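Contents: one structure, followed by commentary.
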Amino acid sequence: MVLNFNVFKKSSPDGKIILYLSKRNIVDHITFIDPVDGVVMLDNSYLKSGKIFGQIVCSFRYGRKEDEVMGLRFQKDMYLASSQIYPPLDTANPVKLTKIQDCLVSKLGSNATPFRFKIPENAPASVTLQDGTTNLADACGVQYYVKIFAGESETDHNRSKSFVAMRIRKIQFAPVMRPLSRHPCTIVRKDFMFSPGQLELEAVLDKQVYTHGENVQVTICIRNNSNKMVKKIKVLIQQIVDIVIFQNGQCRTTIASVETQ
């Protein structure tokens, strides 16, 4: 039987450290989080006398890079996991290899070292706040990296050429919900100062949770008990993000709209 799988690869500037990851989307299933599994291919010089460390870094950028002046930096890095990959410290309990790791180790040979990291349960999901431009290199939000480097300790980052970092994403899917006995519904009413009666609008959705690419069915019922005339109906889907940095803020973005008259 032939196994086909995708592997993400990135090497250090000096070519002595090569990182392989089986996936870059780490899924948070609410009850558990997928581990970060990979393989590191090392040069012979590191196998003889050298230490290789690996880290999971959560980077939070809350300001534009071009606004960083006089030593001010709008970015915080949090190290969520860190360990010595080579030589392994816990030889009594080796990493239980996945199928992809087993194939990579068999193909790459004795210079390949597998590793596994676990992301804490309270770690935030990856978020990118786009400002309307196509440049996402320094976008505000939360990003994750797998860092592999050579050094004497976990804090030794002086060897800039023996360093490799690959970006990953921590994504979260909404849990499967049971069908509701009643569809989500909301009703708004409007009074007019110089006109009798009310204008009532009722909106009903077909379900509560939607995934990407699904159609959102909205049923609208208008009860006009006033002498006003309804000339236009507009339906919007807005994404609302609460941003808490220096003060509470909220960002609203219209992602879909339909209008009728």
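Using the numbering used here, the first residue of the sequence shown is number 13, and each one after it goes up by one.
Backbone N, C-alpha and C define an ideal beta-carbon position, used for all residues, glycine too.
All figures in this text were calculated on a predicted structure; none of them were measured in a lab.
Among residues of its own chain, excluding the 5 on either side of residue i, which ones have a beta-carbon nearer than 8 Å to its beta-carbon?
i      : result
Gln229 : Leu217 and Asp218
His169 : Phe161, Gly163 and Phe175
Ile79  : It should be noted that the sequence gives Asp, not Ile, for residue 79. So the qualifying residues of the chain are Phe86.
If residue i sits next to residue j, beta carbons under 8 Å apart, how far is it from one beta carbon to the other, in whole angstroms?
i      : j      : result
Phe65  : Gln96  : 5 Å
Val270 : Val247 : 5 Å
Thr272 : Ile245 : 5 Å
Asn237 : Gly209 : 4 Å
Glu166 : Ser94  : 5 Å
Asp26  : Lys173 : 4 Å
Please return the same chain residues whose Cβ sits closer than 7 Å to the Cβ of residue i, not counting the five positions on each side in sequence.
i      : result
Ala268 : Ile249
Phe127 : Gly50, Val52, Gly66, Ile97 and Val107
Ile42  : Pro187
Lys182 : Ile38, Asp40, Ile131, Ala135, Ala137, Ser138 and Tyr156
Glu133 : Ile45
Arg190 : none
Take residue i and list the residues in its own chain whose beta-carbon comes closer than 6 Å to its own, dropping the five residues that flank it on each side.
i      : result
Arg179 : Tyr157
Arg235 : Glu212
Ile232 : Ala215
Leu120 : Met53
Asp46  : Ile38 and Val39
Pro196 : Leu217 and Gln220
Lys159 : Gln67, Val69 and Ala177
Gly75  : Phe86
Ser23  : Ile30
Ile199 : Glu214
Arg201 : Gln210 and Glu212
Among the options, which has the Cα closest to the Cα of residue i?
i      : options                          : result
Arg85  : Arg73, Leu211, Gly121 and Leu92  : Arg73
Ser57  : Gln142, Pro25, Ala162 and Ile42  : Ala162
Gln184 : Arg190, Arg194 and Thr223        : Thr223
Ser71  : Tyr91, Lys63 and Asn105          : Tyr91
Gly62  : Asn105, Pro100 and Gln251        : Pro100
Gly153 : Lys77, Tyr32, Lys21 and Arg36    : Lys77
Glu114 : Asn105, Gln251 and Tyr32         : Correcting the residue identity first, residue 114 is Asp in this sequence and not Glu. Among Asn105, Gln251 and Tyr32, the Cα nearest to that of Asp114 belongs to Tyr32.
Cys263 : Val81, Asn105, Thr103 and Thr140 : Thr140
Would you check if the distance between the CB atom of residue i and the CB atom of residue j is smaller than 8 Å?
i      : j      : result
Ile29  : Val188 : no
Leu116 : Val48  : no
Asp254 : Ala137 : no
Asp89  : Val107 : no
Phe206 : Lys240 : no
Thr110 : Ser34  : yes
Ile112 : Phe17  : yes
By the three-class DSSP mapping on this structure, what secondary structure does residue i have?
i      : result
Glu164 : coil
Val39  : strand
Ser61  : coil
Glu78  : helix
Asn56  : helix
Ser207 : strand
Ser95  : strand
Gln220 : coil
Asp46  : coil
Lys244 : coil
Ser23  : strand
Val117 : helix
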